[in-house]
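There are 2 protein chains.
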Amino acid sequence: MSETPVADGRHRQAPSLGDAAYSELKERLSRGVYRPGDKLTVRSVAETLGVSSTPARDAINRLAADSAVVYAGPKTVLIPVLGEADLREVTLIRIALEGLAAQHSVQSCTQQHIDKLWVIQRNINAALENGDYGQALWQNKEFHFLVYRLSRLPHLVSMIESQWLRVGPSFYGLYPEFAEAKYGVRNHEMVIEALIDQDGGALRAAFENDIRDGYRRLRQALRERATTG
Amino acid sequence: MSETPVADGRHRQAPSLGDAAYSELKERLSRGVYRPGDKLTVRSVAETLGVSSTPARDAINRLAADSAVVYAGPKTVLIPVLGEADLREVTLIRIALEGLAAQHSVQSCTQQHIDKLWVIQRNINAALENGDYGQALWQNKEFHFLVYRLSRLPHLVSMIESQWLRVGPSFYGLYPEFAEAKYGVRNHEMVIEALIDQDGGALRAAFENDIRDGYRRLRQALRERATTG
DNA sequence: TCTGATTTTTTGTTGCAACAAAATATGAAG
DNA sequence: CTTCATATTTTGTTGCAACAAAAAATCAGA
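Listed in order, the protein sequences are those of chains A and B.
Letter by letter, the first sequence follows residues 1 to 229 in the numbering used here.
Letter by letter, the second sequence follows residues 1001 to 1229 in the numbering used here.
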């Protein structure tokens, strides 16, 4: 039997320095290290990560391909500052993609996954009580992607990741003024209920609500900040 | 009034060689120059486009970020050969994204756009009569994106473009065996009717049908090819 | 003819220096 | 204090050579 080449991306064995730099930068973005408007330069990234300019440049270019960084001038890349129109568009896209992933996640969800989701939700609640917003956002991400990965649609999941990379810094940048203690708790409970019921439609609806709630809060924080400063 | 930096990407004035190489490669992909399984190397791209290895490498990396090319080994990038699972996933994504774009296109569609769509549809019909499948596919792309761009959701449109980049070569690769003279004609007529009626739901449905029809044909061609060798 | 090891060639990656252009700092004039 | 022109520094891009590793070709043995 002749094996046709498969487009799975699993083959790459030794991650190059460019890959490593890209991963590291993504990690920092997700952790809220950078704030909207922060500037990224090839040489600063190279020095920070201890590599030469070539892999640093590779990493920045890949981030730009994800729209996780943005060209504000010919020689100026920065963490995007999302305006209302950007925020609206990314929300529409997120609802479409994450709703799709959610709907396909129902069939492969086991009790263990549900237990894990409860653990994560407890972590979110605890982090919010302590005012540790970074931790809350991180655990929130874990919650969402635990479900999305169940869809077994890997390309879809990575597209969703790049949307999160795009909005992530804005969430951190507008914290804690838009954070309220009960953020998303009810929506997440509905997610878990829908998974128990194996109800794909309800699951999609729960995530859509969660995304929309986050959108409204972010938009309001954006407006308040616009008027005060 | 202080101007906050905006993430619009409009600033870049002089396209770098890397940009040019990337655009050229995308153009070739869309035109069916490459076939699934074709190999791409830094040096061959560099020589073909008359640039050094750095911009050639940039272009390939950006294509890989779009999943328009794929790593089949540590030093082997090739035009993806989509299996049934890949095809199913990309179809689900396309329906979600292109349906969304379509729905938002209704409000800014004018009579001129509709006239233009009729012209394009005539071109498609003529190309199919002549057996010029390359031209038919190209005009089909023009038809879809003329509508999608009306959504004024630029990031969404570029995400859709990268899906087309991903499946395009498979369409060309499986031509003409899956091409039938009446491909998509009825669906496109329904698109135009929905635009005239300003019916966003019907428009979405028409595009979803079109995408699904293409998917079925492609899948069948894939299966036939699998059995015949 | 086929198989498997070995040699040869091809290939991606990386660092780096030079260049042009953009961003920033500086300072003079109103 | 602001504005504008000028000077300085910083920055992205590009080509290239060296290297290690992978892929392809070659060939010996059965």
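The beta carbon of each residue, even a glycine, is placed where N, CA and C say it ideally should be.
Helix, strand or coil for Lys26 of chain A? Go by DSSP, reduced to three states.
Here Lys26 of chain A sits in helix by DSSP.
Going along chain A in order, which residues have a C-beta closer than 9 Å to the C-beta of Ser1170 of chain B?
In chain order: nothing, as chain A lies at least about 10 Å away.
So is Glu189 of chain A in contact with chain B if we call contact Cβ pairs under 8 Å?
It does not: the Cβ of Glu189 of chain A has no partner Cβ on chain B nearer than 8 Å.
Alpha helix (DSSP H) containing Gly168 of chain A: first to last residue?
Taken as a continuous stretch (DSSP letters only), the alpha helix (DSSP H) holding Gly168 of chain A covers 154-174.
Going along the chain, which residues of the stretch 83-100 of chain A sit with their C-beta nearer than 8 Å to a C-beta in chain B?
Cβ contacts with chain B come from Gly83, Asp86, Glu89, Val90, Leu92, Ile93, Ala96, Leu97, Gly99, Leu100.
Taking the runs of the alpha helix (DSSP H) that are 4 residues or longer, which of them lie wholly in the stretch 1010-1097 of chain B?
If we require 4 residues or more, the alpha helix (DSSP H) runs fully inside the stretch 1010-1097 of chain B come out as 1017-1031, 1042-1049, 1053-1065.
If you reduce the DSSP assignment to three classes, tell me which class Ser1151 of chain B lands in.
Coil.
Is the distance from the Cβ of Ser108 of chain A to the Cβ of Leu203 of chain A below 8 Å?
No, these two residues do not count as a Cβ contact at 8 Å.
Report yes if the C-beta distance between Leu1150 of chain B and Leu1117 of chain B is below 8 Å; otherwise report no.
No. Outside cutoff.
Are Pro1036 of chain B and Pro1074 of chain B closer than 8 Å when you measure CB to CB?
The answer is no: Cβ separation not under 8 Å.
Can you tell me whether DSSP reads Gly99 of chain A as helix, strand or coil?
Looking at Gly99 of chain A - three-state DSSP - the assignment turns out to be helix.
Against chain B, does Leu165 of chain A count as a neighbour if the rule is that its beta carbon must be under 8 Å from one of theirs?
It does not: the Cβ of Leu165 of chain A has no partner Cβ on chain B nearer than 8 Å.
Can you tell me whether Glu98 of chain A is buried or exposed, with buried defined as 16 or more other CB within 10 angstroms of its CB?
With 16 or more other Cβ atoms within 10 Å, it is buried.
Can you name the start and end residues of the alpha helix (DSSP H) that Leu115 of chain A belongs to?
Inspection of the sequence shows that residue 115 of chain A is occupied by Asp rather than by Leu. That run of the alpha helix (DSSP H) goes 111-130.
Give the secondary structure of Gly184 of chain A by DSSP, where H, G and I count as helix, E and B as strand, and everything else as coil.
Reduced to three states, the DSSP call for Gly184 of chain A is coil.
For Lys1026 of chain B, is the classification buried or exposed, using 16 other Cβ atoms within 10 angstroms of its Cβ as the cut-off for buried?
Buried.
How is Gln1220 of chain B classed by DSSP in three states: helix, strand or coil?
Helix at Gln1220 of chain B.
Using CA coordinates, which residue listed in B:Thr1048, B:His1155, B:Ala1064, B:Ser1016 is at the minimum distance from His155 of chain A?
Ranking B:Thr1048, B:His1155, B:Ala1064, B:Ser1016 by Cα distance to His155 of chain A puts B:Ala1064 first.
Anything in chain A within Cβ reach of Asn1061 of chain B, meaning under 9 Å, just list it in chain order.
The answer, in chain order, is Gly18, Asp58, Asn61, Arg62, Ala65.
Would you mind stating whether Ala85 of chain A and Ala59 of chain A have Cβ atoms separated by less than 8 Å?
Their beta carbons are not under 8 Å apart, which means Ala85 of chain A does not touch Ala59 of chain A by this criterion.
Are three or more beta carbon pairs between the stretch 40-53 of chain A and the stretch 88-95 of chain A nearer than 8 Å?
With a cut-off of 8 Å, the stretch 88-95 of chain A and the stretch 40-53 of chain A do not count as touching, because too few Cβ pairs lie within range.
What residue from B:Val1157, B:Ile1095, B:Gly1201 has the CA that sits closest to Gly1214 of chain B's CA?
Among B:Val1157, B:Ile1095, B:Gly1201, the Cα nearest to that of Gly1214 of chain B is on B:Ile1095.
Could you pull out every residue in the same chain whose Cβ sits closer than 7 Å to the Cβ of His11 of chain A, ignoring the five residues on either side in sequence?
Here the model assigns His11 of chain A a pLDDT of 49, short of 50, so the residue's position is not dependable and the matter cannot be decided.
With DSSP as the reference, label Gln1198 of chain B as helix, strand or coil.
Residue state, collapsed to three classes: coil.
Which residue's Cα is closest to the Cα of Glu1224 of chain B: B:Arg1057, B:Val1069, B:Gly1083, B:Thr1054?
Looking at the Cα atoms, B:Gly1083 is the closest of the given residues.
From Pro1169 of chain B to Thr1054 of chain B, what distance separates their C-alpha atoms?
Rounded to the nearest angstrom, the two C-alpha atoms are 25 Å apart.
Compare the C-alpha of Ala221 of chain A against each of A:Tyr172, A:Gln198, A:Gly201 and name the closest.
The candidate whose alpha carbon is nearest that of Ala221 of chain A is A:Tyr172.
What do you get for Asp1210 of chain B, buried or exposed, if any count of 16 or more other CB atoms within 10 angstroms of its CB means buried?
With 16 or more other Cβ atoms within 10 Å, it is buried.
May I have the straight-line CA-CA distance separating Asn123 of chain A from His188 of chain A, to the nearest angstrom?
If I take the Cα positions, the gap works out to 13 Å.
Please go through the same chain and pick out, in chain order, the residues whose beta-carbon is closer than 8 Å to the beta-carbon of Val1069 of chain B, but skip the five residues on each side of it.
For Val1069 of chain B, where only same-chain residues beyond five positions count, the Cβ hits under 8 Å are Leu1040, Ile1060, Leu1063, Val1077, Leu1078, Ile1079, Pro1080.
Express the C-alpha separation of Ala1127 of chain B and Gly960 of chain B in angstroms, rounding to a whole number.
Residue 960 of chain B is absent from the model: chain B starts at 1001 and stops at 1229.
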